[in-house]
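One structure below.
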């Protein structure tokens, strides 16, 4: 804990800042509440026991925590990692009838391919070709749903959302660094007063890793492993790098991708099916509300890593804590935390008139949720928008 006692030039503790801590917590909250249920479904599809499912959550939490802290301290930039949500959704159907041992073999195979991409450096070369306006447009499209969910949640809990939105609008200029935690506090007070917090079935219980022996089947490797690799790279790592670039961070992509693949190799035998760069949850740690100084926002990602480690240690029990919160509160705080990032993304995307058509297409395709061949809309938005951008450049 010595790093908490380091004092900066303005006498503020180096790591213990409420805005950093709250941004890290909200990033983890968004990640877990939005897709943890899919992980349980994927584990069930592979026939996982309760202990094995807990081991999946342990491996994912530990892997994300260590990589978040390691990357952010190494590069001094807010680099967040996550599990592959599209990959988990793929596994829900693809692992039906596949033994757990073969599933572990699939995880190892996919992680090895991701590591290979990082070692060869080709991922970095591709990302240099993506214009900043298109990257920002894709980010805006990815995050738009969260902004819309803020107001959609008001249909069922108008008082809760109104209190949070009013707090945000009243304090966002006067207390920009604390407006998100204060908005969350307002939501918790209203939710508690209305009896919306459900802690009846909540229990604290440490998770225990379970070592699962892999088996390799050519059918599983080709039918599940390669799609898992492609979905993780196209739908997760590409948007993850785009988020960093859209916020002005130029962390080299290939080492990040390579280390997530290596982490997957280490933790796959315990259920860590895929690790990748985060996009949506990462954006929570990159806005001006986190810190006016972009060079200090990495501290929020470090705190996110700390919370991920706690999630891993307590496994599925912590998911029960999030389940105790009303869904409207989670959607509202996520939307409020991302409003500034959405606005910045659209500003950057539409700033260059020559790129505007391509950026607009990228934004709309990404926001549409289009999925082809198991690959998400972020990838297709970038591909189609990039094609239009290339054609426009040729004409000019």
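Residue numbers (the working numbering): 3 to 398. Glycine is no exception: its CB is placed at the ideal position from the N, C-alpha and C atoms.
Spanning the alpha carbons of residue 305 and residue 338 requires a straight line of approximately 19 Å.
The DSSP-derived three-state label of residue 349 is helix. CA-to-CA, the gap between residue 386 and residue 135 works out to about 14 Å.
In this structure, DSSP gives residue 85 an extended state, which the three-state scheme calls strand. Nearest C-alpha to residue 275 among 64, 30 and 24: 64. In the DSSP annotation of this structure, residue 279 is not part of any alpha helix (DSSP H); the continuous beta strand (DSSP E) holding it starts and ends at 277-279. The three-state reading of DSSP puts residue 208 in coil, since its state is none of H, G, I, E or B.
Within the same chain, Cβ atoms closer than 6 Å to the Cβ of residue 55 are found at 45, the five residues on either side in sequence being excluded. Taking C-beta atoms under 8 Å as the contact rule, residue 145 and residue 347 qualify, at a distance of about 7 Å.
Within the same chain, 106, 109, 110 and 113 come within 7 Å of residue 270 by CB-CB distance, once the 5 residues on both sides are set aside. Of all alpha-carbon atoms in 122, 19, 66 and 48, the one lying nearest the alpha-carbon of residue 317 is that of 66. For residue 315, the uninterrupted alpha helix (DSSP H) run begins and ends at 300-316, by DSSP.
Taking a C-beta distance under 8 Å as the contact criterion, residue 79 and residue 300 qualify as a contact pair. By the criterion of a C-beta distance shorter than 6 Å, residue 289 is surrounded in its chain by 342 and 343, once the five residues flanking it on both sides are discounted. Per DSSP, reduced to three states, the secondary structure at residue 374 is strand. DSSP, reduced to helix, strand and coil, places residue 132 outside both helices and strands of the structure shown, so it counts as coil.
Between residue 389 and the set 115, 28 and 133, the nearest pair of CA atoms involves 133. When DSSP states are grouped into helix, strand and coil, residue 52 belongs to the helix group. Rounded to the nearest angstrom, the Cβ distance from residue 283 to residue 81 is 12 Å, too far for a contact under 8 Å. Taking all protein chains in view, the Cβ of residue 294 is surrounded by fewer than 16 other Cβ atoms within 10 Å, so the residue is classified as exposed. Look at residue 57 here: in three-state DSSP terms it is helix.
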